[in-house]
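Undergrad: Which chain is which? The protein sequence lines are A and B, in order. Under our numbering, the first residue of the first sequence is numbered 26, with each subsequent residue one higher. Under our numbering, the first residue of the second sequence is numbered 26, with each subsequent residue one higher. For each residue, glycine too, the CB sits at the ideal point set by N, CA and C.
Protein chains: 2
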Amino acid sequence: MHAISSASVNATPAPWASRLGSEGVQVLESHDVLFREGEETTGFYEVLSGVLRSYKIFADGRRQIISFAFEGDIVGFGHGEDYRFDCDALGTTRVRAVPKASLLHIVRERPELAGKLLEAAGGEVANMQDHSILLCRKTAMERVAGFLLSLATRASGKPVGTALPLPMIRADIADYLGLTIETVSRNMTRLRALRVIDLPSRGTFAVRNLSKLSEMAEGEETLH
Amino acid sequence: MHAISSASVNATPAPWASRLGSEGVQVLESHDVLFREGEETTGFYEVLSGVLRSYKIFADGRRQIISFAFEGDIVGFGHGEDYRFDCDALGTTRVRAVPKASLLHIVRERPELAGKLLEAAGGEVANMQDHSILLCRKTAMERVAGFLLSLATRASGKPVGTALPLPMIRADIADYLGLTIETVSRNMTRLRALRVIDLPSRGTFAVRNLSKLSEMAEGEETLH
DNA sequence: CGCTAGCTTGATGGTACTCAACCGCAGTGG
DNA sequence: CCACTGCGGTTGAGTACCATCAAGCTAGCG
Chain A
26 MHAISSASVN
36 ATPAPWASRL
46 GSEGVQVLES
56 HDVLFREGEE
66 TTGFYEVLSG
76 VLRSYKIFAD
86 GRRQIISFAF
96 EGDIVGFGHG
106 EDYRFDCDAL
116 GTTRVRAVPK
126 ASLLHIVRER
136 PELAGKLLEA
146 AGGEVANMQD
156 HSILLCRKTA
166 MERVAGFLLS
176 LATRASGKPV
186 GTALPLPMIR
196 ADIADYLGLT
206 IETVSRNMTR
216 LRALRVIDLP
226 SRGTFAVRNL
236 SKLSEMAEGE
246 ETLH
Chain B
26 MHAISSASVN
36 ATPAPWASRL
46 GSEGVQVLES
56 HDVLFREGEE
66 TTGFYEVLSG
76 VLRSYKIFAD
86 GRRQIISFAF
96 EGDIVGFGHG
106 EDYRFDCDAL
116 GTTRVRAVPK
126 ASLLHIVRER
136 PELAGKLLEA
146 AGGEVANMQD
156 HSILLCRKTA
166 MERVAGFLLS
176 LATRASGKPV
186 GTALPLPMIR
196 ADIADYLGLT
206 IETVSRNMTR
216 LRALRVIDLP
226 SRGTFAVRNL
236 SKLSEMAEGE
246 ETLH
């Protein structure tokens, strides 16, 4: 299973939500920055709609996209005093901020929740591990197919045939998968030629043959 | 700063240690298994001496080494109900077991420690991120140089010239760095030819030129 | 002595990167 | 209205790097 989100904790009815109501909601437009590497952590964020992109930029200009976070995902979790990477929006995106202070307050009052949070952190670690494996053990085609597959399975209940959003550009996909934009493009073209996917318009894609797609993503079941 | 250990929390005087005394200490010999993927988590372990190796084995026989854990490091942290990977010893290794129950007890009594633990989890996430970047953004030479560099800086206060332990075999290094044993060997040979390191005997290495080594780890173009 | 595991070295080929050109589209401004 | 421009994307040619396959070497050990 590909782990696209950094923390698809999917905390069922988010135990902290009741304490926050609808406060702390921010709306970001495309490329608006949620936080930057090195800034002091203020807490974490739950994505209400839209997509967030977490990434690191290095001295030599190389960029590594850590994760994409979709509706229901949590970002900014598991940092220390300072954020460890940049995070911005890929389009209009609504997030709910959960301040650190209120988190500490919750833990103090209900220590059993600490276990839940630690589990959530563990989930993030597990996702990073899966991603590590993807980055060093899979071919370009396997990575691209796996990426589209996880987008499709996450997007809707009935993924085959319908046009699905592909909110990130080729450069984002490339920097997430550890490839170049040319390699991403070539493999997507190849998937289209093989009638596995469609590319109806910029920013969208559609799955034509789901089983073939997961075949090409190959070797990522690890059902436990 | 390569992150070799999965959780170099370096919990200075480990706040839980006082509550455990010298109990819960286990001694493992080479290849003795500490825990396996899928087993129920019993807690976590602090390495007192020796080296632990955490890894996953896949259906196709491929192995990915997640991390090496040295003295002072913690493993088994941030898993859920079940361990997410296998863990065994590279040589004679002493660990102190910290049972989950006592961890919960501690958190319940001293909720402010929960924050520390979450930070530790964050550290593990950060290490995984660094490792991800290493695996997809660096050349074979950068990976090998960076690996040896972090071993050297971790090993002692005076790393230049002295023989340092290299407790893992080429296959372990290869599976950790996402390379083959041949590529690891070739690059170590090349580093020796460039007078950057020495390979006095099996299981040891020595740094001859520390600044050159870190140059090569960073991808500064020296000789191409 | 021969065996084996760990390691090195060589030859070869494939995958993905680099460099480069080009297309379609959306703004933009004369 | 139409050139001009920039961005995102695609395609092609050439190449570098690393995996693969295959020997051979060394040290330890029965």
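Return the residues of the stretch 187–218 of chain B that lie within a Cβ-Cβ distance of less than 9 Å from chain A, sorted by chain order.
TA: For the stretch 187–218 of chain B, the beta-carbon criterion of a distance under 9 Å to any beta-carbon of chain A is satisfied by 202, 203, 204.
Undergrad: Ordered along the chain, which non-local residues of its own chain (more than five positions away) have a Cβ less than 8 Å from that of residue 238 (chain A)?
TA: The residues are 170, 173, 174, 177, 216, 221, 222, 232.
Undergrad: Within 10 Å of its beta-carbon, does residue 134 (chain B) have 16 or more other beta-carbons around it, so buried, or fewer, so exposed?
TA: exposed
Undergrad: So with Cβ pairs under 8 Å, would you call residue 144 (chain A) a contact of chain B?
TA: Interface residue, yes.
Undergrad: Looking at chain A, is there any beta carbon in it that lies within less than 8 Å of the beta carbon of residue 150 (chain B)?
TA: yes
Undergrad: Can you check whether the CB of residue 190 (chain B) is closer than 8 Å to the CB of residue 180 (chain B)?
TA: yes
Undergrad: Please state the DSSP three-state secondary structure of residue 150 (chain B).
TA: Residue 150 (chain B): helix per DSSP, three-state reduction.
Undergrad: Helix or strand or just coil, what does DSSP make of residue 172 (chain A)?
TA: helix
Undergrad: List the residues of chain A that residue 160 (chain B) touches, going by C-beta distances under 7 Å, in chain order.
TA: 157, 160, 161
Undergrad: Beta-carbon within less than 8 Å of residue 50 (chain A)'s beta-carbon, same chain only, minus the 5 sequence neighbours each way: which residues are those?
TA: In chain order, 73, 119, 120, 121, 122 place their CB closer than 8 Å to the CB of residue 50 (chain A), counting only its own chain and leaving out the 5 sequence neighbours on each side.
Undergrad: With DSSP collapsed to three states, give me the class of residue 157 (chain A).
TA: helix
Undergrad: Any Cβ of chain A within less than 8 Å of the Cβ of residue 153 (chain B)?
TA: yes
Undergrad: Find the nearest neighbour of residue 145 (chain A) within the set B:104, B:157, B:162, judged by alpha-carbon distance.
TA: B:104
Undergrad: Over the uninterrupted alpha helix (DSSP H) stretch that includes residue 239 (chain A), give me the two end residues.
TA: 235–242
Undergrad: Express the C-alpha separation of residue 213 (chain B) and residue 26 (chain A) in angstroms, rounding to a whole number.
TA: The predicted position of residue 26 (chain A) is uncertain, since its pLDDT is 46 and thus under 50; a value taken from the coordinates is nonetheless stated next. Cα to Cα, residue 26 (chain A) sits roughly 35 Å from residue 213 (chain B).
Undergrad: Tell me residue 66 (chain B)'s beta-bridge partners as DSSP assigns them.
TA: Paired residues: none, contrary to the question.
Undergrad: Quick one: is residue 131 (chain A) near chain B, going by C-beta distance under 8 Å?
TA: Answer no: the Cβ-Cβ gap between residue 131 (chain A) and chain B never drops below 8 Å.
Undergrad: Quick one: Cα of residue 242 (chain B) to Cα of residue 130 (chain A), how far?
TA: For residue 242 (chain B) and residue 130 (chain A), the distance between alpha carbons rounds to 43 Å.
Undergrad: Looking at C-alpha atoms only, which residue of A:187, A:203, A:194, A:142 is the closest neighbour of residue 164 (chain A)?
TA: A:203
Undergrad: Under DSSP, the alpha helix (DSSP H) around residue 111 (chain B) begins and ends at which residues?
TA: Per DSSP, residue 111 (chain B) belongs to no alpha helix (DSSP H); it is in the beta strand (DSSP E), 111–114.
Undergrad: Roughly how far, in whole angstroms, is the beta-carbon of residue 108 (chain B) from the beta-carbon of residue 61 (chain B), given that I think they are within contact range, below 8 Å?
TA: 7 Å
Undergrad: Can you confirm whether residue 105 (chain B), when its beta carbon is compared against all beta carbons of chain A, has any partner nearer than 8 Å?
TA: yes
Undergrad: Using a Cβ-Cβ distance under 8 Å, would residue 78 (chain A) count as near chain B?
TA: no
Undergrad: So, using beta-carbon positions, are residue 88 (chain A) and residue 112 (chain A) closer together than 8 Å?
TA: no
Undergrad: Run through DSSP, which three-state label would residue 35 (chain B) get?
TA: Residue placement at residue 35 (chain B) is flagged as unreliable, the pLDDT there being 44, under the threshold of 50; the coordinate-derived value follows with that caveat. Residue 35 (chain B): coil per DSSP, three-state reduction.
Undergrad: Quick check on DSSP: helix, strand or coil for residue 88 (chain A)?
TA: strand
Undergrad: Return helix, strand or coil for residue 81 (chain A), following the three-state DSSP convention.
TA: strand
Undergrad: Do you know offhand how far residue 23 (chain B)'s Cα is from residue 218 (chain B)'s?
TA: Residue 23 (chain B) falls outside the range modelled here, since chain B spans only 26 to 249, and no answer is possible.
Undergrad: Quick one: what does DSSP say residue 224 (chain A) is sitting in, helix, strand or coil?
TA: The answer is coil: DSSP assigns residue 224 (chain A) none of H, G, I, E or B.
Undergrad: Report yes or no: is there a C-beta of chain A within less than 8 Å of the C-beta of residue 61 (chain B)?
TA: Answer no: the Cβ-Cβ gap between residue 61 (chain B) and chain A never drops below 8 Å.
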